[in-house]
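Participant:
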Amino acid sequence: MPVLSGFLNAKLGKMWKAGEQLLPTSVWMLSTYQQGALALELPELIQLVKLVWKSKHSLQGTKRKGISESEEALPTTLPLRTEAVPFIHTRMSTANSGEIGTKKKVKRLLSFQRYFHASRLLRGIVPQTSLHLLDGDYLGQASHMLSKVGTWSFDMFLFDRLTNGNSLVTLLCHLFNVHGLIEHFQLDMVKLHRFLVTVQEDYHSQNPYHNAMHAADVTQAMHCYLKEPKLARFLTPLETFLALMAAAAHDVDHPGVNQPFLIKTKHHLASLYQNVSVLENHHWRSTVGMLRESGLLSHLPVEMTQVIEQQLGSLILATDISRQNEFLGRFKSHLDNDDLCLQDADHRHFMLQIALKCADICNPCRVWGMSKQWGERVCEEFYRQGDVERQFDLEISPMCNQQTDSVPGIQIGFITYIVEPLFNEWTRFTESSVLTESMMCHLRNNKVKWRGLLHKQHHNGEENEQLSEVS
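For the sequence shown, the residue numbers in the working numbering are 155 to 625.
(1) Using C-beta distances below 6 angstroms, list every residue in its chain close to Asp314, excluding the 5 sequence neighbours before and after it, in chain order.
(2) May I ask you to report which of helix, strand or coil DSSP gives Glu434?
(3) When we look at the beta-carbon of Met524 and count the other beta-carbons within 10 Å, is it buried (16 or more) or exposed?
(4) Assuming Trp522 is part of the alpha helix (DSSP H), what are its boundary residues?
(5) If we ignore side chains and look at the alpha-carbon of each, how far apart do Leu343 and Gln360 end up?
(6) Reducing DSSP to helix, strand and coil, say where His503 ends up.
(7) Roughly how many angstroms lie between the CA atoms of Lys526 and Gln340, to the nearest whole one?
(8) Quick one: what's got a C-beta closer than 8 angstroms to Trp522's C-beta in the same chain, skipping five residues either side?
(9) DSSP three-state label for His613, please.
(10) Taking the C-alpha atoms as reference points, what is the distance between Asn435 and Ala400?
(11) Are there 16 or more other CB atoms within 10 angstroms of the CB of Tyr571, so buried, or fewer, so exposed?
(12) Between Leu451 and the rest of its own chain, which residues show a CB-CB distance below 7 angstroms, the 5 nearest in sequence each way excluded?
(13) Closest to Pro383 by CA distance: which of Gly615, Leu607 and Thr590 is it?
(14) Touch check for the stretch 473–487 and the stretch 553–564: three-plus C-beta pairs under 8 angstroms?
(15) Specify the secondary structure class of Pro455 as computed by DSSP and reduced to three states.
(16) Would you mind working out which of His364, Leu326 and Val332 sits nearest Glu530, comparing C-alpha positions?
(17) Considering only their Cβ atoms, is the gap separating Leu482 from Pro575 smaller than 8 angstroms?
(18) Residues in its own chain within less than 7 angstroms of Ser307 by CB, not counting five upstream and five downstream?
(19) Do you know how far the Cα of Glu393 is from the Cα of Cys512?
(20) Do His488 and Leu494 have their C-beta atoms within less than 8 angstroms of each other?
(21) Can you tell me the Cβ-Cβ gap for Cys516 and Phe536, rounded? I've got them flagged as a contact below 8 angstroms.
(22) Does the Cβ-Cβ distance between Met310 and Asp356 come in under 8 angstroms?
(23) Measure the CB-CB distance between Val332 and Leu350 and report whether it falls below 8 angstroms.
(24) If the criterion is Cβ atoms closer than 8 angstroms, does the pair Gln374 and Leu325 meet it?
(25) Please say whether Val456 and His437 have beta carbons closer to each other than 8 angstroms?
(26) Comparing C-alpha positions only, which one of Glu579, Leu380 and Phe577 sits nearest to Leu398?
(27) Just to confirm the assignment, what range does the alpha helix (DSSP H) spanning Ile564 have?
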């Protein structure tokens, strides 16, 4: 495996310099590691990791010293990616009292810190958490699921469990191969995997909704849309690459709060992007930084990489929900005038923007079991933001008050005012394809089910009020 060997030589050779004893030579069983000569094949690498893990208890005395030395060397071994900053401090501010600094601050680690901690094993520091290795049965089931990745009933919750939380990386590697993108762009598999892992880790796993599984779900939906007959025959490999990449990274490093929250708390990202598409700009810039850091596209012409970066931004920025009417109006105008020409590159790019917007909000179009889970997850994230706003005496944002905003009520409003208008136009574009008809059927059924739950909640609430009055 020359590519893997080259990667290890290049990366680890820089990290372990002569004279540094981050790990005893006897543990690694490699007498030449200090000079960076690590030409390892995959079985040897696996055996190496196992040896490191078994030696955890014998390294307690040297671990602290190793961490200290690694942190001092960090600026030379881990370059700070574009747009990365140490912390997100959500500063709670009011016009009169200024910043509230005596209470807890909402802090989020950005990608640089998470990458720093995740890289400790490569720098010779043994992690404290256990290693979770999947057996062949789980991997076999995940592989079987991937054979049906183009079906709308694909269960991302199950797939995420089968891949041990690595659904985004596993899915993207598979789709890049299925679409022939690895061969077409001559992508280095090690760089590709490293980039995808970085993207996946930059999603906040503690977010109920805006996490890596949501990104994987949007990517799977985008894959289905790219196969729509009306669109598929016109797409170029570059456009397919952009569509999948934008879907995977469209919410990267999402803090779990919305744009109005960042603006009213005077968050530094809101200032940086002048209160315009704050989160979407951050997702885009973070993605570009990771692309450059990984070197995934370094072999391509500079002009081409610039086009990729700019078009990625155009796609990701289109997911800003505040621009929904702008895109919907333009989409409807094209369909009404019958002037959408997919032989035109600009029109194809616009349809990729629409496809990504559809993929981003397609949860109500899934089968009820999955749609209900996604709906509950996004509402839980809203409620958490509302709890923070209540804690700091801020005005609670719409849909974020758990005491007055029910999950069924939120979902019915979302379907009625956001999802249905967009997917009605998508149905016109696809000329009622098999996939679209299936999605619209689920959408109608799910709306009925949410209404049933809402009615049940109101009925139970009235009964509780009557009981309280009697008592």
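Every residue gets a Cβ at the ideal spot worked out from N, C-alpha and C, and that includes glycine.
Facilitator: Quick look at the numbers:
(1) Ser321 and Met367
(2) helix
(3) buried
(4) Trp522 to Gln545
(5) Note that residue 343 is Met in the sequence shown, not Leu. Distance between the alpha carbons of Met343 and Gln360 is about 29 angstroms.
(6) helix
(7) 41 angstroms
(8) His596, Asn599, Asn600 and Lys603
(9) helix
(10) 13 angstroms
(11) exposed
(12) Leu445, Thr459 and Ile462
(13) Thr590
(14) no
(15) coil
(16) His364
(17) yes
(18) Val521
(19) 17 angstroms
(20) yes
(21) The pair is not a contact, with the Cβ atoms about 19 angstroms apart (cut-off 8 angstroms).
(22) no
(23) no
(24) yes
(25) no
(26) Leu380
(27) Val561 to Phe568
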